[in-house]
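Student:
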Amino acid sequence: MLLSSDWNNEAYFSLHLVQEILEEAGLPKRSDFSHWYPQFPIVISKVDKKQSPSTADFFIEDRSRDINFLIEVKSATTRIDGSARFQLDMYLRYSKVKFGILIDPFLVEAYEFI
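Counting from 1, position 32 in the sequence shown corresponds to residue 32 in the working numbering; the numbering is continuous, with no gaps.
Following this line, the structure appears as structure tokens:
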């Protein structure tokens, strides 16, 4: 199966597939209780006490079900790997968000930060 070159574009992938998955899960993009925040800012503290700003692709919150989580999107060329998992772990650690999802065109992984 040949994959469209659009799947190598992370922005295209975020816009279409992530939106479809979340809407199927009952989390509409705009409602009174459900909110999506793209490019969610996170400040990561370094060992040398310097702070480094970073952004997760999405922060999703559903106030009616008391759910919130981060989503980090990878393209077909930058697939989910150890560095992507480490990146999500750092985002969860410093954002104080408990759940996170890594997604690429071929795989979805869910994580809980303990």
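Virtual Cβ for every residue (Gly too), placed ideally from N, Cα, C. All of these numbers come straight from a predicted model, not from anything done at the bench.
Give the secondary structure of A11 by DSSP, where H, G and I count as helix, E and B as strand, and everything else as coil.
Tutor: Walking along the sequence shown from the start, residue 11 turns up at place 11. Helix at A11.
Student: Put I60 into one of helix, strand or coil per three-state DSSP.
Tutor: Taking the first residue of the sequence shown as position 1, residue 60 is located at position 60. It is a strand residue.
Student: Just list the beta strand (DSSP E) runs in the segment 62 to 95, keeping only unbroken ones of 3 residues or longer that don't cross its boundaries, in chain order.
Tutor: 67 to 73
Student: Leaving out five residues before and five after L107 in sequence, what residues of the same chain have Cβ atoms less than 7 angstroms from its Cβ?
Tutor: For the purposes of this step, residue 107 is identified with residue 107 of the sequence shown, where counting begins at 1. Only I80 meet the Cβ criterion.
Student: What's the call for A164, buried or exposed, on a 16-neighbour Cβ count within 10 Å?
Tutor: Outside the modelled stretch of the chain, which goes from 1 to 114, sits residue 164, for which no answer is possible.
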